[in-house]
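This report refers to the structure that appears directly beneath it.
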Amino acid sequence: MNKWMKKGMAVTLAGAMVLGLAACGSKGGGASDGHLVFQIWDQGQKAGMEAMAEAYMEEHEDVTIEVQAVGWDEYWTKLEASATSNSMPDIFWMHSNQIYKYADNGILADCSEIVDAADYSEVSVANATGSDGKLYGVPKDKDIVGLLYNKELFDAAKVSYPDDTWTWDDLESASQKIYDETGKYGYMAYSHDQIGYWNFVYQNGGKILNEDGTQAEYTEAATSDAIEYYVGLQGNDWCPTQEQFANTGAAEMFFSGEGAMYYAGNWDLINLCTTYEDMNGKWDVAALPKCPDPAEGDGRASISNSVSYATAAKGKNKDLAMDFLKFLGSEEAQKIQGESGAAIPAYNGLEEAWVTSFADKGCELTLENLIGEFDYSVKYVNNPSRPSWEPKVEQTMLDIYAGTVSVDEGIEKIQSLVTEAMEE
Numbered sequence: 302m303n304k305w306m307k308k309g310m311a312v313t314l315a316g317a318m319v320l321g322l323a324a325c326g327s328k329g330g331g332a333s334d335g336h337l338v339f340q341i342w343d344q345g346q347k348a349g350m351e352a353m354a355e356a357y358m359e360e361h362e363d364v365t366i367e368v369q370a371v372g373w374d375e376y377w378t379k380l381e382a383s384a385t386s387n388s389m390p391d392i393f394w395m396h397s398n399q400i401y402k403y404a405d406n407g408i409l410a411d412c413s414e415i416v417d418a419a420d421y422s423e424v425s426v427a428n429a430t431g432s433d434g435k436l437y438g439v440p441k442d443k444d445i446v447g448l449l450y451n452k453e454l455f456d457a458a459k460v461s462y463p464d465d466t467w468t469w470d471d472l473e474s475a476s477q478k479i480y481d482e483t484g485k486y487g488y489m490a491y492s493h494d495q496i497g498y499w500n501f502v503y504q505n506g507g508k509i510l511n512e513d514g515t516q517a518e519y520t521e522a523a524t525s526d527a528i529e530y531y532v533g534l535q536g537n538d539w540c541p542t543q544e545q546f547a548n549t550g551a552a553e554m555f556f557s558g559e560g561a562m563y564y565a566g567n568w569d570l571i572n573l574c575t576t577y578e579d580m581n582g583k584w585d586v587a588a589l590p591k592c593p594d595p596a597e598g599d600g601r602a603s604i605s606n607s608v609s610y611a612t613a614a615k616g617k618n619k620d621l622a623m624d625f626l627k628f629l630g631s632e633e634a635q636k637i638q639g640e641s642g643a644a645i646p647a648y649n650g651l652e653e654a655w656v657t658s659f660a661d662k663g664c665e666l667t668l669e670n671l672i673g674e675f676d677y678s679v680k681y682v683n684n685p686s687r688p689s690w691e692p693k694v695e696q697t698m699l700d701i702y703a704g705t706v707s708v709d710e711g712i713e714k715i716q717s718l719v720t721e722a723m724e725e
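Residue 725, in my numbering, is where the sequence shown stops; the numbers in between run on with no holes.
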């Protein structure tokens, strides 16, 4: 499971973090020692981050930058512990799930003066912004969700490959034919928000939260209908159950030839290319199928999220860290990141750097299909109380799948859970 799919970490009382900063404030603000620790949560992107660090160090010979990559869970445990003792890494990634928690409690440095928002995608800027409207990170990347499909299974079933005319109906009919002709699964609809039902909700004209994130909209007809549709896909013989997914992930099924389609984020693609090198040329990626009869809109949507680079408000190397942050947000550095293949740069106009990186690595994918989705992308759902309600919503969705609660009852419960979390 990748960095974006591992969510639901427990929320520590914000007050404890603030008190920790206050108690240890004397440790911060000292003179820089010229050595920066740059912490990330994805080993697959380490080479790209090191390439940017090398470019900076070439122009600053008295600076050394050490990139440390740890696992997702360990990353947040260590970051929270270091926040309470004011011993945070000099530079670190900040996820949109956690931006409010860290920014609103004074833990992150204000980056507003080193970021020209016009240079980056709106999603990337929004995800680096705190509740007060200030930027507490430098936009790093932007992501999108696509439909991965196994060409061999499509060919065996004599089904045409997905294209931009596909709707949910085509997704179902292709899945059924593939199952009938090959005995393999069609579309594998696993329980997930960003890479699952959220896309269907927004394609149907629904919303998870209202525009300013102050109200849950799960019980609105367009939202609840889409959730019911997505959950109902599991009832087809061509879709595995959530119990099966718990034992074998969709990616594993897909690359072992047991399933023909699943949704994945672009951040997974470079690792999939290298991990399943023998499958090169046998699979591809398409834009998400659209809703055939949306309650509102044209039926197209794909959830887009992003990460930002951040530093501590009271770090001992703050001045140097801020200068490195400014470089990380530059066109030069963002192009280096794109060319590594790890992520689509947040910097406008550099998408092609990411696209061409795959050809350089011998991976044959039609990535232009994903880039085109940014024209109708939807910002990742988030608000300050998300760390509280998200794991409860995830569990309730699993309860719906398991049949321990009906779809209608589950949606009502989710609506209440999110509303209560926001009120608290």
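All residues carry an ideal CB built from backbone N, CA and C; glycine is no exception.
Check                                                                                                            : Outcome
Other residues of its chain near K478: CB distance less than 7 Å, five sequence neighbours each side excluded    : A458 and V460
P463 - DSSP class collapsed to helix/strand/coil                                                                 : coil
Beta-carbon spacing of E381, V368 below 9 Å                                                                      : no
Helix, strand or coil at K328 according to DSSP, with G and I counted as helix                                   : Bear in mind that the predicted position of K328 carries a pLDDT of just 38, short of 50, making it unreliable; the figure below should be weighed with that in mind. Helix at K328.
Straight-line gap, D513 to S607 (C-alpha atoms, nearest Å)                                                       : 18 Å
Bridge partners - G560, DSSP secondary structure assignment                                                      : Y486
Per-residue DSSP class, three states only, for L454                                                              : helix
Sheet register partners of M698 (DSSP bridge)                                                                    : Bridge partners of M698: none, in fact.
Runs of alpha helix (DSSP H) lying entirely within the segment 642-693, each at least 4 residues, in chain order : 652-661 and 669-673
For P296, the residue or residues it bridges with in DSSP                                                        : Beyond the ends of the chain as shown, which are 302 and 725, falls residue 296; an answer cannot be given.
Residue nearest to V502 in terms of C-alpha spacing, selected from A522, Y486, F556 and T483                     : A522
Residues bridged to M395 [DSSP beta-bridge criterion]                                                            : S609
Inter-residue spacing [alpha-carbon to alpha-carbon] between N684 and E482                                       : 45 Å
As assigned by DSSP and simplified to three states, the class of A517                                            : strand
Boundaries of the alpha helix (DSSP H) in which T575 is found, first to last residue                             : L570 to T576
Sequence-distant residues of its chain with Cβ nearer than 8 Å to D274 (five each side left out)                 : No statement about residue 274 is possible, as the shown extent of the chain runs from 302 to 725 and does not include it.
Collapsed DSSP secondary structure at Y503 in the structure displayed                                            : helix
Cβ pair count under 8 Å reaching 3, the segment 335-345 against the segment 386-401                              : yes
Endpoints, the alpha helix (DSSP H) within which T720 is located                                                 : V708 to E724
Own chain partners of Y401 with C-beta closer than 7 Å, once the 5 adjacent residues on each side are dropped    : G431, S432 and P685
Same chain only: Cβ atoms within 8 Å of T657, ignoring 5 sequence neighbours per side                            : E640
V532 and G447 closer than 9 Å at C-beta                                                                          : no
Minimum Cβ-Cβ distance from N398 to chain D less than 9 Å                                                        : In the displayed structure, chain D is absent; only one protein chain is listed.
For A588 and N505, believed in contact at Cβ under 8 Å, the rounded distance                                     : About 17 Å; that fails the 8 Å criterion.
Straight-line Cα distance separating G345 from N451                                                              : 24 Å
A324 classed as buried or exposed, judged by whether at least 16 other C-beta atoms fall within 10 angstroms     : Legend: pLDDT at A324 = 37, less than 50; position of this residue unreliable, no value from coordinates given.
Close beta carbons around T612, own chain, < 7 Å, minus the five adjacent residues each side                     : D391, I392, A410, K619, A622, M623 and L626
Between the CA atoms of A490 and T468 - distance to the nearest angstrom                                         : 15 Å
Assigned secondary structure, D411 (DSSP; H/G/I helix, E/B strand, else coil)                                    : coil
CB of F675 within 9 Å of CB of A356, strictly                                                                    : no
According to DSSP, residues forming a beta bridge with Y421                                                      : Y648
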